[in-house]
Structures are given as structure tokens and as C-alpha cells.
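First comes the structure, then the notes that go with it.
Protein chains: 2
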Amino acid sequence: MLTERQKRILWAVIDDYIASAEPVGSRTVSKKKEVGVSAATIRNEMADLEEMGYLEQPYTSAGRIPSQKGYRFYVDHIVTPYFWQQGQSEELGLQDWGSLDSLEQIIRQTATLLSKQTNYMTITLGPTSFEERLRYLQVVPLSSRHAISIIITETGRVYQQQVEIPQHLTELQIQQIVQIVNERLQGQLLSPFLAQGVSQQLELGFDLDEWLTRLFHMENSEQVYTSGTTRILDQPEFQDINKMRALLDLLEETQTIMQLIQPTSDGIQVRIGKENVVASVSDCSIISASIMIHGEQVGTIGVLGPTRMNYRKVIGLIDYLSRDVSDKLHRWLRGL
Amino acid sequence: MLTERQKRILWAVIDDYIASAEPVGSRTVSKKKEVGVSAATIRNEMADLEEMGYLEQPYTSAGRIPSQKGYRFYVDHIVTPYFWQQGQSEELGLQDWGSLDSLEQIIRQTATLLSKQTNYMTITLGPTSFEERLRYLQVVPLSSRHAISIIITETGRVYQQQVEIPQHLTELQIQQIVQIVNERLQGQLLSPFLAQGVSQQLELGFDLDEWLTRLFHMENSEQVYTSGTTRILDQPEFQDINKMRALLDLLEETQTIMQLIQPTSDGIQVRIGKENVVASVSDCSIISASIMIHGEQVGTIGVLGPTRMNYRKVIGLIDYLSRDVSDKLHRWLRGL
DNA sequence: TGTTAGCACTCCCTGTATATGAGTGCTAAA
DNA sequence: TTTAGCACTCATATACAGGGAGTGCTAACA
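Chains as they are written, first to last, in my numbering: chain A, 1 to 336; chain B, 337 to 672.
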């Protein structure tokens, strides 16, 4: 376990490194009044901290930089997230929600705000269709073999998809199916099992379950949206064109991105460096939180930046914004 | 006017510079057998070409690089675009269209192919809603004041938008409007004037024209899609992080992008360097062409790369692909 | 008159040597 | 246990020389 003084030194090193992006020397730390011992003492302590794995030295006789373990300790035991007051929305530049007209827009607006405030990259996941509830289904034939199926959910999102029409199915029968679905399944979760049983009720003589499942299974329903991509170029660690490139490549892989920012538990998730399994972000940190409505997760909002990230600010902001957005979405839904 | 020999020298310089990205010297040019004179002669000619503005010298005693005027002359009078045979689709790695299920996907697939083939960035514009024809309108109320309007076009695209419901309008009346629109306006162009006259037919006692116009005016209907963003990092001119950054920033400005690649005339458009008004692409070239169906423009496909671009290859490819895609879309629409 | 060989000159690039400075680890004294 | 002092390390900056690619000019040649 670390002594109180070691904690304070670790704290000072990390705070300084977050601000300067340069190795921190003993003299710099000794100048801060929270520590109050001489540079030589700090050198000894820093050597200990390095031995324990909380600090690293880029080369002999350079200052120290925090290791992944150091950041982890800092996040878990040292940092107190900045706390935003309820009334500070305007100060942050939050839009008047009245003018926004969909769940998606509200989430994106928040993402833009976040990236502007932090100068890191913001990633948001729109709602999964599985996590939403059916309001209205429509199937519009394009030809005798193809149709477009459209689903509107209770949150006002529209999913759309092209489907083939099974051989023996007439246009009239399709209308019947749509009618039955709209009458009986409204308000149900869009799970893969939603359509089970509808087929039998029609007594068509052939099985439609598989087709109906496809009607409701919207691919690409997970909308990944990123914002502030170029802002991250301000960070000195991304001056390296190859790192930059790896990151941009990553952005095109929707699946990976989703996996990266998806929180595995409630609350705020901080993943530091190699804790993110993907190699191209092994020196990045990702902080994310879920957006909840009625206890259900409707979206995720996350920030990606260098491990040398302003955790205090970002954790505080994400905490505040995720709750704020949940709140406002809730009110917006009731006001519809 | 340039002499035949000057043309050949300009040609050689540009071809070499396109391949090497480095200033081309007189010795290098004299080695090519198409020219066949000594280095000294070429030095004289190159000095003339520079005086006329076709070549530039980055610094005294360096080789020459083409100027914008040089590229323009090259494109207009020298280069013969590579001609792809009809049967070379497979060679290019063109997908079997059967598995693609929307106009959008077909265009995007082509964009990906283009950027893979050229190592430049590809930008496509999806169809404007104004240029499409109505197949089906639906309005789904979300509450007493809000609804979602959905338009499906003849090309199978779905546009969707949230609208407010005017005060005195009942749900029944909305259904009537939708019915009238679907009966009378099918196959019409989605122009802003589409809905004119519908209002009177209903004899509601108040004017709905403005609202109806909004129903059909889909914002963000111009889908901008980019592909191969990171590929452009292979080009030496984008090693500079600031240029890179300017380009990425540009990508987020949909309006500007549209303006940049929108062709002003039929056929293939080549815009070199400062001919693109936007500063961040003042050392890029953009080659674009429209995708036509039934004589109407349904999309645009363009390539953005350094002015030092392989014009021969790109012009040839865009020419081939834009016609090929138009063709295949046409067949695909008939087969629906 | 047009073409070419020869030559001095320019300017970039690279590698080497040197100086500077921030920071360390160790030792010994307080 | 803390601190001052000192020798040592290593990255970075600066200066400088040599090499090389390429030019412009001149004079000779066909």
C-alpha cells in the first residue's frame, strides 16, 4: 500500500503530466506546496514508486511518467471527479432541447458538446433496436418480390430495411399481418422472439416465423456516431502519423468501436490503456456511460483520448451529461 | 502554343512526378526514349516551360514539378484516359450486385472499390430527394402534436423526418391527406411544389400548403459518404499533419463537400488545385461524375487526391464506373 | 541555327562533433 | 529521516563539412 506522501507525489506527477505531456522531474514536484519536501526526498520516493510499477522512466536520467498501473490507482483512489451543478448546463453551452427533434439528435448534440469541452474524441452509440419498443410497423411493396419494412419505435426512431416477399404471400395477407402486429404487439420489446405466434394466428398453411423474425431484425440498427475526430490531433501523442492512422482505421470498424465503448456494468466505466483489448487504442483511455430511460439502456456516450487524459474533468462531465441527457430525454418523451 | 517536343517533355515530367512525387531533373527526362534529346536541350526547354508557367522549381537548382497550369494542359491536351473493357468488372473486384439491396449500397460499394483501386479518397453523394419520385407517403402520429413522416421513393429509398402537427388538424384528416397524396401524386418528382393544390381539395378552411411542403422537404437527404480516408495517408503530400487535419475537418462539413464534388455539367469533371475554391483542398484535385438513371441525376461519385494524381487511371476508372453503375442500377430497378 | 558537352555554381540533405541542460542516483552531513 | 552536493547520463539543439543532384551558361559542333 502507498503512504500518504507517495499518494501525493503520484498525484502531483500525474496532474503535471496531464497538463504538460512531458516527463515530470523531482524539482517540479517539490515546488508544489501540497508535497513540501525537497527534490532529493522526492527522488527517493519516485524510485520506490517506479519499483512498485506506478511510474516509468522513458530513459535514464529523464523525469517520470505515470504507468498504466499509476493511472489506474489515480482513477480508483485519488481523483475526485469535477462536480457540475445542475444549473451549469447553459455554461457548458447546452442547447435548448426544444429545437431538437429526435433522440438521435439529442445524443449527437451532447457528443459534440463533449468533444468541444474536452478536446478529445467522442463516440456515441444510438439505441439498439432490440432495446426499443414497437410503436408501428409498415410494409410497403416495391415489386412482387421485394418490399420495404419500416418500424417506428416508442422513442420515435425509424428503422427501415428491404426484405424479400415469400413466394406464396399475397399483398392482402401482408396487410393482415401488419394489422395484427400493430394491434397486438405495440409496446413490446423488439426482441427476436417478438413475432412468435403471429404466424399460427393467420392459418396460412405455411410457416412465416423465420420471415417475421427478419422483419424485425434491423441490421445496422446500432448507430455509431463520432465527433471531434480532428480535435484529438491537438494532443501531442497523436502527432505521430501512424498512431493517427491506426485510430482513423479503427473508426471505420463499427463492430470494434461498439465493443470498445459498450459499458459492461452500470455507472461510469474507465478503461485505461491496454485494458482496452484492441491494439490501436492500447495507449488510449476510454471513459463511457450508458444513457438510460425507464431503466433501459437506450444509448451509450463515451470519450476516447490519450491515457494522459484529464480524468477529473472527463469523468465529471460524462457523469453529469449522461444523467442530464437521460433526464431530458425522459421529459422530451413525455412531452411528445 | 507548345511545340510537339515541349508537349512530350511536359508529359514526361508529369508522368515521372506522378510516380515519384519528387522534382524531375533534365537527366531523368532525357533517358526516356519518347524524347530522345540530350539533357542540355531539355534544360533549355524546361526553362521555357517554366517561363510559360507550365513548370515550377521548388528552389534554385532543383528539378521541376508541374504547376497547376501544367496539370490543366496535361489533362486537357495530353492524357488519354485508361480505357476499361466491358468485361473487366470482375478484374476490378466488382461485387455481384445480386446481393446488394439498395441504391445506396450499390453506390457505396462502388466508392469502396474506387478508393481501393486508386489509393485516394472517394466521396459519393446519394440521391437528392428532389431528384426522386414519390412511391409512397406515410404519416405516423407520435402524439397529438408530433408525427413522423416517411417517404419511399421509386428507387426504394426511405426518407424520414419528424414534423409537427398543425393545431386544427385531426388524425382522420391526416389519413385523408396521406390517401390523396398516395393516389394522385405517385410517380411525381419530390419537388417543393409537389403538394400544391392538395390543400384546396380537402376544403379544410385553412391553408396547409406550407405544412405539406415541409412534409416533402427532407433535410439531410443528400447523403455524403466517404471511403478510403486513411488510404490517402499513403500519399507523401499528406504526411504533413496540418494538411491532413484540414482535410479531415473538411469532411465534417457536408455542405462544402457537396459543393466540391457536384459536377456542373455532364460528363467527367476534373478540378485541379485552386480550381477548387475551398482553401483546404487547394493542392488537391477532384475528379467527379454523375450517376444517371433515365436521364436524371441520382448520385455523384468523386475521387479526391493530391494534384499529383494519376489522372489517366482515375479519369478512366470514374468514366467506366459511373456508366457501369448507371447501367446496373437501371437493370436493378427493372428487376425489382 | 539548333544541339550538345563541359564546367562552375547553388542548394538540400546527411552525418558528425560539440555544447547545453534537465534530471537522476549516490554519498555524506545535518 | 531528510537534504545538499556532485558526478554522471542522455536527449536535444547547433554548427559545420562533404556529397550529390541539378541548374545555367558558354563554347564547340553539325
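Idealized CB from N, CA, C, for every residue including glycine.
In this text the structure is predicted, and so the values were computed from the model without any measurement.
Have a look at B:620, B:657, B:624, B:545 and flag the residue whose alpha-carbon is nearest the alpha-carbon of residue 606 of chain B. For residue 606 of chain B, the nearest C-alpha among the options comes from B:624.
Which of the three DSSP states is assigned to residue 218 of chain A in this structure? coil
Every unbroken beta strand (DSSP E) within the stretch 393-465 of chain B, with a cutoff of 3 residues, ordered by chain: 457-461
Under 7 angstroms between beta-carbons, which chain A residues line up against residue 494 of chain B? List them in chain order, please. Chain A residues near residue 494 of chain B: 148, 150, 160.
Apart from the five residues on each side of it in sequence, which residues of its chain come closer than 6 angstroms, Cβ to Cβ, to residue 30 of chain A? Closer than 6 angstroms at Cβ, skipping near neighbours: 38, 39, 42.
I need the DSSP call for residue 138 of chain A, collapsed to helix, strand or coil. strand
In this structure, what does DSSP give as the bridge partners for residue 605 of chain B? B:624
CB contact below 7 angstroms: residue 475 of chain B versus chain A: No, no contact with chain A.
How far does the alpha helix (DSSP H) with residue 383 of chain B in it reach, from first residue to last? 375-388
Express the C-alpha separation of residue 143 of chain A and residue 629 of chain B in angstroms, rounding to a whole number. Taken atom to atom, the span from the alpha-carbon of residue 629 of chain B to that of residue 143 of chain A is near 18 angstroms.
Would you be able to state if there are at least three C-beta pairs under 8 angstroms between the stretch 235-245 of chain A and the stretch 262-276 of chain A? In this structure the stretch 262-276 of chain A does not lie against the stretch 235-245 of chain A, because fewer than three pairs of beta carbons, one per stretch, are closer than 8 angstroms.
Helix, strand or coil: how does DSSP classify residue 304 of chain A here? strand
Got a sec: is the Cβ-Cβ distance from residue 619 of chain B to anything in chain A below 7 angstroms? no
Any beta carbon of chain A sitting closer than 7 angstroms to that of residue 581 of chain B? yes
Along chain A, which residues have their Cβ under 8 angstroms away from the Cβ of residue 577 of chain B? The contacting residues are 233, 239, 241, 244.
Check the DSSP bridge columns for residue 484 of chain B and list the partner residues they point to. B:476, B:498
Does the Cβ of residue 277 of chain A have 16 or more other Cβ atoms within 10 Å, making it buried, or fewer, making it exposed? Classification for residue 277 of chain A: exposed.
Using the three-state DSSP reduction, which class does residue 364 of chain B fall into: helix, strand or coil? helix
Quick one, which of B:372, B:645, B:586, B:633 has its alpha-carbon nearest residue 616 of chain B's? B:586
So, helix, strand or coil for residue 228 of chain A, using DSSP? Three-state DSSP puts residue 228 of chain A in coil, outside helix and strand.
Could you tell me the distance, in whole angstroms, from the CA atom of residue 298 of chain A to the CA atom of residue 290 of chain A? Going from the Cα of residue 298 of chain A to the Cα of residue 290 of chain A covers about 8 angstroms.
Indicate whether the contact test is met: 3 or more Cβ pairs, each with one atom in the stretch 60-73 of chain A and one in the stretch 10-25 of chain A, closer than 8 angstroms. The stretch 60-73 of chain A is in contact with the stretch 10-25 of chain A.
The stretch 148-168 of chain A in contact with the stretch 127-137 of chain A per 3-pair CB rule at 8 angstroms: yes
Taking the C-alpha atoms as reference points, what is the distance between residue 210 of chain A and residue 146 of chain A? One C-alpha to the other measures close to 16 angstroms.
With a 10 Å radius around its C-beta and 16 neighbouring C-beta atoms as the bar for buried, classify residue 572 of chain B as buried or exposed. Exposure of residue 572 of chain B is indicated by the presence of fewer than 16 other C-beta atoms within 10 angstroms of its C-beta.
What residues in its chain sit with their C-beta under 6 angstroms from that of residue 504 of chain B, if we drop five residues either side in the sequence? none
On the three-pair Cβ rule with 8 angstroms, is the stretch 43-60 of chain A touching the stretch 78-85 of chain A? no
Taking 7 angstroms as the CB-CB limit, is residue 103 of chain A close to chain B? no
Can you tell me which of the three DSSP states residue 316 of chain B falls into? Because chain B is modelled from 337 through 672, residue 316 of chain B falls outside the range shown and cannot be assessed.
Does DSSP classify residue 277 of chain A as helix, strand or coil? coil
Please confirm whether residue 456 of chain B has its beta-carbon closer than 7 angstroms to some beta-carbon of chain A. no
Taking the DSSP output, what are the residues bridged to residue 153 of chain A? A:134
Verify the CB distance criterion: does residue 478 of chain B have a CB-CB separation below 7 angstroms to chain A? Answer yes: the Cβ-Cβ gap between residue 478 of chain B and chain A drops below 7 angstroms somewhere.
Could you spell out the range, first to last residue, of the alpha helix (DSSP H) harbouring residue 186 of chain A? Premise fails: residue 186 of chain A is in no alpha helix (DSSP H) and is neither H nor E.
Whole-Å CB distance - residue 71 of chain A paired with residue 272 of chain A, under 8 angstroms assumed: Between residue 272 of chain A and residue 71 of chain A the Cβ distance is about 5 angstroms, and since that is below 8 angstroms, they are a contact.
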